[in-house]
Structures are given as C-alpha cells and as structure tokens.
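Asker:
Protein chains: 2
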Amino acid sequence: MIFEKLENVNESDLANLLADFQQIMKKESFSKKEMLHKEGTICNHLFLIEKGIARSFYHKDGKDITAHFAIENGTITAIDSFIQRKRSRYNIELLEDSEIISISHQDMHKLLQEKPSYEKYIRLFLEQIYIDLAERIEDLLFHSAKERYEKLVKNTPNLLRRVHLKHIASFIGITQETLSRIRTQT
Amino acid sequence: MIFEKLENVNESDLANLLADFQQIMKKESFSKKEMLHKEGTICNHLFLIEKGIARSFYHKDGKDITAHFAIENGTITAIDSFIQRKRSRYNIELLEDSEIISISHQDMHKLLQEKPSYEKYIRLFLEQIYIDLAERIEDLLFHSAKERYEKLVKNTPNLLRRVHLKHIASFIGITQETLSRIRTQT
DNA sequence: AAATGCATTTGACAATTGTCAAATAATGAA
DNA sequence: TTCATTATTTGACAATTGTCAAATGCATTT
Chain A
0 MIFEKLENVN ESDLANLLAD FQQIMKKESF SKKEMLHKEG TICNHLFLIE KGIARSFYHK
60 DGKDITAHFA IENGTITAID SFIQRKRSRY NIELLEDSEI ISISHQDMHK LLQEKPSYEK
120 YIRLFLEQIY IDLAERIEDL LFHSAKERYE KLVKNTPNLL RRVHLKHIAS FIGITQETLS
180 RIRTQT
Chain B
0 MIFEKLENVN ESDLANLLAD FQQIMKKESF SKKEMLHKEG TICNHLFLIE KGIARSFYHK
60 DGKDITAHFA IENGTITAID SFIQRKRSRY NIELLEDSEI ISISHQDMHK LLQEKPSYEK
120 YIRLFLEQIY IDLAERIEDL LFHSAKERYE KLVKNTPNLL RRVHLKHIAS FIGITQETLS
180 RIRTQT
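If you read the sequences in order, they're chains A and B.
Per numbering that gives the first Met the number 0: the first sequence = residues 0 to 185.
Per numbering that gives the first Met the number 0: the second sequence = residues 0 to 185.
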C-alpha cells in the first residue's frame, strides 16, 4: 500500500510500522461524486484508495483542472495543504463508489512524535512522490500532447477506461478537443 | 542554508543538527565551467552553493536542457540519482567561479542512522522541494511562455542577469528564439 | 585593435494546440 | 423506451510556439 514500494528496509521495523499505522487508519465507504476534500479548507487527511478512483482538481480561469488521479493502492491528498497546514486550492472527488482508508494529519504526527524512527518511511514516501513529480515535469517539457497521451495509454490503460476524457485532457495539459483529435488520428 | 526555511522546530535540536551537519560538510572552491557531477554516474553529493551559480542539465534529442538553477544559499544535486542510487541523466556545472559545500550521501546516511531524529529535517526539506516542484508543474500547465518568463523576471531578477538566455529558455521549456521574441515585445 | 568564437536576434514559414460553435453519441433517470 | 443531460467529436479559424538559416552583437584572446 502506502509503503509498498520501499526497498532496503528493516523487516521487523516495517512490520511494526504497518501495525501502528493500522491503528490510525479509518476505513469508510463513499459513493461516486462524493468529495473527500473541498478547496478553501485545510486538508487534514491522507487518503488511500482501497477500491475506486479519486481525482484532485482545482479551478483555473473557471476551468476544472485535474491535478492527480489515484486508483486502487494509490494515495491522494491536497498535499501542499496537508504539509503546510494552509488552505487548499484543491478539491478531491470520487469518480466511482469507493472504499477509502484515511489517516489524519494529527494522528500521523502524533505517531511520528512517539516513534521518530518512522520518520524514515515518510521520507522514503516523499522521495518516491518527488521523483514521480520530476518525471511529470520532464514529460510536460519534452513530450508533445500526443506522446503524453500515448504514454498514459501504455502505463495506465486501466485508468483511461474508467475516467472521462475531459479529466484526462486537463491532466496532461491540453484541451478536450485536442485530446479528441489525437485519439481519432493514429 | 539548507534548513533555513524550517518553522516550528525544536531550537536546540536544530542547533545540534546544524553542528553535526557542519562535521560532514566540505567546502571547496571551483572555477566556472567545472562539473560537479557528470551524467552516467551515480551522484553521491548534495551541494550547497555558498557563492556562485550552478545548473543541472541533461540532453534531450541532442539538445541541452536546464532542469534547475541554484544560486547563493540554494541546493543542487542530481536528485533522482542521489535518492535512488542509480546512474544519472543529469550533469551539474558551474556558471561562475563558486564556493561549494558538499555533503556526501554516505556521510549523510551514516549521520541519519546514528541520529534518526534528524530524519524529520530531511523530511521537511523534501516537503519543501516537493511543493516547489508542484508549483513548477502548474506553471508549465497554465501559464504561457511569456508569463513564465515574466514570473522569472519578477521572482529571480538576479538569476536572469547572471545566466545565458539559452539556459533560461530551456529551463522554462521554450526555444531560445521564442524567448528572444518575448523579450523584445513588451 | 583585429580576429575568433559564442550569444542573441531576426526573418520566413511550418507545426501544434487553442477557441468557439455546433453536431453526434452515450448515459442515466423517469 | 423516451427524454434530458452530459460526454465526445468535428469544423473553421486564430494564436502560440517551433524550426532552420542567416545576420548581428558581444566578449575574450592574441
């Protein structure tokens, strides 16, 4: 799940971590279109998608822009707000009926204070998402809209089948019309 | 310096941290055009710029693309390589004669193992650079080349005066010619 | 100061993507 | 099934940015 990609870690330490995290995880069912977080408020939770799809989005010049998708086993939050404890410009909504596990900021930080050795895993998590973001920047800078779309088709075909094209379009930084034309070409 | 932006931290803990980090920092002078890191190798150092300018760049279709600049008080490294311990596609070169402080990956991790409480500061550092990166993505997605340039002029006029325009151009994802035209318009 | 090598600008034109409006297609509710 | 709503595609055209080649400007070395 959240720590699944980690390598080179102490097995027993990780087992403890997972057990402790279990304690602060809350599982809940939500239905499609429900909001996990609303813009203008501070985001107090990190969400893990057990089943379903969520997307974070914000408004730019009246347009709805998707910033991130999370499907099964993925995580989502209004990360800047969660980190900096300030109001968020992001919304998080569910695109399907979902099973969500949430971890509150408060609980997580309490746990980190009690067991500072867990800081390491948060660091590893951050390193991972940092690298993912860096890759996204390169993608935007050096691949055409068409290449970005094709990469998505290749890497996350499952996602493509499950979300509206307008969200895919804004996610890769193009208009819906351009995406439509890209798709019909080929 | 590296931890200067941190808020809400324990003062004495931070003082200890700084003292310990001092121990593993090595200061060196380099002259313009020297390389702090070369692509194809694993990057073993985090560099702090005490004086001067460095840029990281890589090659894409034969073109030289600037990924990041660091001036006085900034940090630079081939972050993906430094984190994942794999060979880097990035180079780091100096654009002026510089005074550089370097911290080796090994020393840093040894320090973190000895004093796991410092993990927290690394996490805070990562949070900060993650947010900076996220901002850059928004910038690329929703601002025109002209807006991106003007933002740079506003935020880091000092940088603009000190580096070649071709580097600025690739940094904001446009060609040198387009940047030139943007500049002469206004 | 002249010569050389870069850096920057300019021109002409092409490719990519965006905008706005309208037409179809698909979906979900009654 | 039918209707209403929403999603997707298409068309015509405009704006932005890229490409390639050449000209100009600037700075460093001799």
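Ideal placement from N, C-alpha and C gives every residue a C-beta, glycine not left out.
Under three-state DSSP, which class holds Glu-95(A)?
Answerer: coil
Asker: Please go through the same chain and pick out, in chain order, the residues whose beta-carbon is closer than 7 Å to the beta-carbon of Phe-81(B), but skip the five residues on each side of it.
Answerer: Cys-42, Leu-45, His-104
Asker: So, is Asn-90(B) buried or exposed, given that buried needs 16 or more other C-beta atoms within 10 angstroms?
Answerer: Looking at its Cβ environment, which holds 16 or more other Cβ atoms inside 10 Å, Asn-90(B) is buried.
Asker: Going by beta-carbon coordinates alone, are Arg-84(A) and Glu-118(B) separated by less than 8 Å?
Answerer: no
Asker: Does the stretch 128 to 144 of chain A come close enough to the stretch 54 to 61 of chain A to have 3 or more Cβ pairs within less than 8 Å?
Answerer: As far as the Cβ criterion goes, the stretch 128 to 144 of chain A does not touch the stretch 54 to 61 of chain A, which means the pair count is below three.
Asker: Report all residues from its chain with a CB closer than 7 Å to the CB of His-166(B); omit the five preceding and five following residues, and keep chain order.
Answerer: Arg-54, Thr-65
Asker: Tell me the rounded alpha-carbon separation between Tyr-120(A) and Leu-16(A).
Answerer: 9 Å
Asker: Taking C-alpha atoms, which residue in Gln-184(A), Phe-170(A), Arg-160(A), Lys-109(A) lies nearest to Phe-188(B)?
Answerer: For residue 188(B) there is no data in the structure shown, the boundaries of chain B being 0 and 185.
Asker: How would you list, in chain order, the residues of chain B whose beta-carbon sits under 9 Å from the beta-carbon of Glu-27(A)?
Answerer: Those within 9 Å of Glu-27(A) in chain B number zero; the least Cβ separation is about 26 Å.
Asker: Just how far apart, CA to CA, sit His-58(A) and Ile-100(A)?
Answerer: 26 Å
Asker: Output the distance between the C-alpha atoms of Lys-150(A) and Leu-139(A), rounded to the nearest integer angstrom.
Answerer: One C-alpha to the other measures close to 12 Å.
Asker: I think Ile-136(A) touches Leu-132(B), with their Cβ atoms under 8 Å apart; what is that distance to the nearest whole Å?
Answerer: Contact flag correct, Cβ pair sits at about 7 Å.
Asker: Taking the straight line between their C-alpha atoms, what separation do you get for Ser-179(B) and Asp-96(B)?
Answerer: 27 Å
Asker: Output, in sequence order along the chain, the residues in the stretch 106 to 126 of chain B whose CB is closer than 8 Å to any CB in chain A.
Answerer: Sequence-ordered contacts of the stretch 106 to 126 of chain B with chain A read Leu-111, Pro-115, Ser-116, Glu-118, Lys-119, Ile-121, Arg-122, Leu-125, Glu-126 [C-beta pairs closer than 8 Å].
Asker: Using 8 Å as the threshold, is the C-beta distance between Ser-116(A) and Pro-115(B) below it?
Answerer: yes
Asker: Cβ closer than 8 Å: which chain B residues qualify as neighbours of Leu-132(A)?
Answerer: Tyr-129, Leu-132, Ala-133, Ile-136
Asker: Closest by CA to Glu-38(B), which one among Glu-176(B), Ser-87(B), Leu-111(B), Arg-160(B)?
Answerer: Ser-87(B) is the residue among Glu-176(B), Ser-87(B), Leu-111(B), Arg-160(B) whose C-alpha sits nearest the C-alpha of Glu-38(B).
Asker: Ordered along the chain, which non-local residues of its own chain (more than five positions away) have a Cβ less than 7 Å from that of Lys-32(B)?
Answerer: Glu-92, Leu-93
Asker: Interface residues of chain B around Ile-82(A) at Cβ under 8 Å?
Answerer: Glu-126, Tyr-129, Ile-130
Asker: Taking only three categories from DSSP, how would you classify His-104(A)?
Answerer: Of the three classes helix, strand and coil, the one that applies to His-104(A) here is helix, per DSSP.
Asker: Measuring only between beta-carbons, confirm whether Lys-153(A) sits less than 8 Å from chain B.
Answerer: With its beta carbon at least 8 Å from every one in chain B, Lys-153(A) lies outside the interface.
Asker: Among the candidates Thr-155(B), His-108(B), Ile-48(B), whose CA atom is the shortest distance from the CA of Lys-69(B)?
Answerer: Contrary to the premise, residue 69(B) reads as Ala rather than Lys in this sequence. Out of Thr-155(B), His-108(B), Ile-48(B), Ile-48(B) has the C-alpha closest to the C-alpha of Ala-69(B).
Asker: Is Gly-39(B) close to chain A, meaning its C-beta is less than 8 Å from at least one C-beta of that chain?
Answerer: No, Gly-39(B) lies away from the interface with chain A (no Cβ there is under 8 Å from its Cβ).
Asker: Which residues, in chain order, does the stretch 140 to 170 of chain A contribute to contact with chain B at a C-beta distance below 7 Å?
Answerer: Leu-140, Phe-141
Asker: Apart from the five residues on each side of it in sequence, which residues of its chain come closer than 8 Å, Cβ to Cβ, to Asp-12(B)?
Answerer: Ser-116
Asker: May I have the straight-line CA-CA distance separating Val-162(A) from Lys-153(A), to the nearest angstrom?
Answerer: 15 Å
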